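Before any comments, here is the structure.
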Amino acid sequence: MKNKLDILLVNSVAPRQRIASDAALENGLAILRTYLESKGCLVEIVDDQRVTSVEDGVPQWCLDLLRNMINLQMKIYNRKLKFLWFIVMLLTWPVQALSLYYRKVYTRSRIDDIIKTIKDKDIEFLGVKVWYGDAFSWSNLLAARVREHCPNTVIIAGGPHVKVYGEDLLLNSDFDLAIMGPGEKVLEEMIVLRRQVKDKKEFLDAFQNGNDSSKLIKTGVYNENESIGDKYFTIPHYRPVDLEGKIYFHTLVDGFGCSWNRCSFCSHTRQTRPYQPRPASNIADEIQLLSRQGISFFRFSSSETPLEHGRRIAEEILKKDVNINFSMFARAVKVTPKVYEAYRCMIRAGLRAVFIGGETGHDYINEKIMNKGVTRKDLIDTMNCIKLAAADVGRNCKIGLSLIYPCPVTDGITLEDVFHENMLLIKASNPDTVIINPPGVFPKTQWMERADEYGFSVNPDFISTFMRYEYSIYKPTELWKDLGYSLQGMSSSDLLKETGKLRSEVLSLGIPTDISDEYLMMTEAIGYTTRQDLLKFKSRSLHDIMSGSSKYMKNIVREINERSRQMANQSQFRDDITWSRDNDRNT
């Protein structure tokens, strides 16, 4: 007799690592499994995103050769020998292409394994957490192959890519259904309904009849008619296998939505509800439970955690006396004594990194183009408030500032003006890292809906192309594929060059670029306390990404996990034990 499962949940994969935190704990699938199993469903997870998984399928000689060639390439680049660097880069490409070929063969073989599992266990639902670029391409190939070989299995997409692209994902893929928002309750309803009908077709007909004939199911803050309750605040239970090869870093659901929700460029505007906080006591319970598993690093999931909610969470953490570090996204505000006290409380509770979306230092552009609702003074004052609060508490709290550059300009303002104002903001606020992104045009945003007004020229097949677009950080911008849009006469190559120009200027100040908030927090915990340490981390992690290896990152992750377990065994007020390390031993 077959060991039947109700649903198989799969985390999509790309052949290459894209960011250093690809191997974070997979909270979303763990939440779904925990909830569904509490309702009597049988669930399994396939999650190949592990620290060393980027090496799976690639012969060791190929990994070693590519790593050595990338090492030579980066040394030459740092010495500004551009012609020699270009030659070495050309020589490196065939090895990179071969390594990538091996990885693609391996990741496609995993599709065969998944199909075998579905057949062996007679699985009627396949849920895929879909990410961008090559991971989306892999997900769609998986969906197409399952549709061919397991015709009675319902294939469902969820995750970040659905939240950005919505209906367009279904139009450009082989998924049967897609869930935009939390999936716990709707998956339970699907499984119950499937048990009552004879086959897939009858299920799809019955389900879509109850969902206004739509294949896109909107839940949570994406559905204005649905209440947010305990059903969307499940505490995930990680099994030992879930922790293997992972960074002990958990993304914690602190709420849903955004309190502003009006930015012209942001896909969060798809959300139809204001910010919905999760009860602070429930959050603290989750932290305490996961701390018992040795997990001490957390990131709040919201695009912005309102300060009053953050303060309430911090008070609950302090009551539990758990020793953790956490990071969060925050919005710049008018600083008051209440704001200062909120940050003091959060830093006491473990806040060690804050990501602030500034978008631009030019106030007029921020108002007319971004509709961000903040000023340069707000941004500077908020960052200075965090620094002062951290100094008062006697703990470090790193700050990441995010900018979009280049961007649309209007009313006689030039890009040079915006560049200048950006640099004034950066010099005045002095963040620990600056994350600089080129302008993106996403469905249902004002930048897409009114593209002509903002100066964007978008190709007819843009959405289908951009969903599959994979950033190639090891290539010069001249050799990147076309993004599918231009801005006010600037081609996609011009846009990327302009982004690189601002990054170079920021680096000239000694400020690292493009380090995520969670790594600001975790590297601080293992002794990366200076900007030089962060620049070294950025360079060596980039080396891993370019060479398709994990030699450096697996050492970093080992130290992070060791520190996480150590913190979990300490009181909140004993985390002043010195964590010494030799940064140069991880080469």
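Residue numbers are given in this note's numbering: position 504 of the sequence shown equals residue 490, and the series is strictly consecutive.
Note that the Cβ used here is the ideal one computed from N, Cα and C, for glycine as well.
Source: prediction; values computed, not measured.
Bridge pairing for L387: I342, V420 [DSSP]. The three-state secondary structure of F122, taken from DSSP, is helix. Distance from the CA of T485 to the CA of F111, rounded to the nearest whole angstrom, comes to 43 Å. Inter-residue distance for K(-10) and R180 is about 14 Å (C-alpha atoms, whole angstroms).
Cβ-Cβ separation between G470 and T451: approximately 5 Å, consistent with a contact (criterion under 8 Å). Here A300 is near R334, since their CB atoms are less than 9 Å apart.
Of the residues assessed, L67 falls on the exposed side of the cut-off, its CB having fewer than 16 other CB atoms within 10 angstroms.
Going by C-alpha positions, A0 is about 39 Å away from T396.
By the CB criterion at 9 Å, P222 and A16 fall inside the cutoff.
If you check the CB distance, I501 and R2 do not come in under 9 Å. For the beta strand (DSSP E) assignment, the uninterrupted runs of no fewer than 3 residues enclosed by the stretch 364 to 414 are, from N- to C-terminal side, 384 to 390.
Between the C-alpha atoms of G513 and M507 there is a straight-line separation of about 10 Å. Minimum Cα-Cα distance from N138 among the listed residues Y505, L229, I104 corresponds to I104. For N(-3), the enclosing beta strand (DSSP E) starts and ends at -7 to -3.
When only Cα atoms are considered, E41 and W124 end up about 17 Å apart. With 16 or more other Cβ atoms inside 10 Å of its own Cβ, P424 counts as buried.
Excluding its 5 nearest sequence neighbours in each direction, N126 has C-beta neighbours in its own chain below 7 Å: S159, D160, listed in chain order.
With 16 or more other Cβ atoms from the protein chains shown falling within 10 Å of its own Cβ, I141 counts as buried. Here the C-alpha atom of D228 lies approximately 43 Å from the C-alpha atom of S477. DSSP, reduced to helix, strand and coil, places S313 within a strand of the structure shown.
The way I'd put it, the stretch 397 to 404 doesn't touch the stretch 369 to 388; fewer than three beta-carbon pairs between them come closer than 8 Å.
Between the stretch 30 to 38 and the stretch 150 to 157, the count of C-beta pairs closer than 8 Å stays below three; the two stretches do not touch. In the three-state reduction of the DSSP assignment, I501 falls in the coil class. In the three-state scheme derived from DSSP, where H, G and I count as helix and E and B as strand, G359 is classed as coil. The beta-bridge partner set that DSSP reports for F189 is empty. Approximately 6 Å separates the beta-carbon atoms of T38 and K540; this is inside 8 Å, confirming the contact. If you draw a straight line from the Cα of R285 to the Cα of F69, it comes to about 42 Å. Taking C-beta atoms as the reference points, S313 and E548 fail to come closer than 9 Å.
Distance from the CA atom of P292 to the CA atom of R53, rounded to whole angstroms, is 43 Å. For the pair I412 and L(-5), the Cα-to-Cα distance works out to about 43 Å. Nearest to S533 by alpha-carbon distance, out of M453, M75, S443, is M75. CA-CA distance, H236 to V340, rounds to 16 Å.
For Y87 against M453, the beta-carbon gap comes to about 23 Å, at or over 8 Å, which does not count as contact. Per DSSP, the continuous alpha helix (DSSP H) segment holding V492 begins and ends at 478 to 494. Judged by DSSP in its simplified three-state form, H223 adopts coil rather than helix or strand. Of the residues assessed, R36 falls on the buried side of the cut-off, its CB having 16 or more other CB atoms within 10 angstroms.
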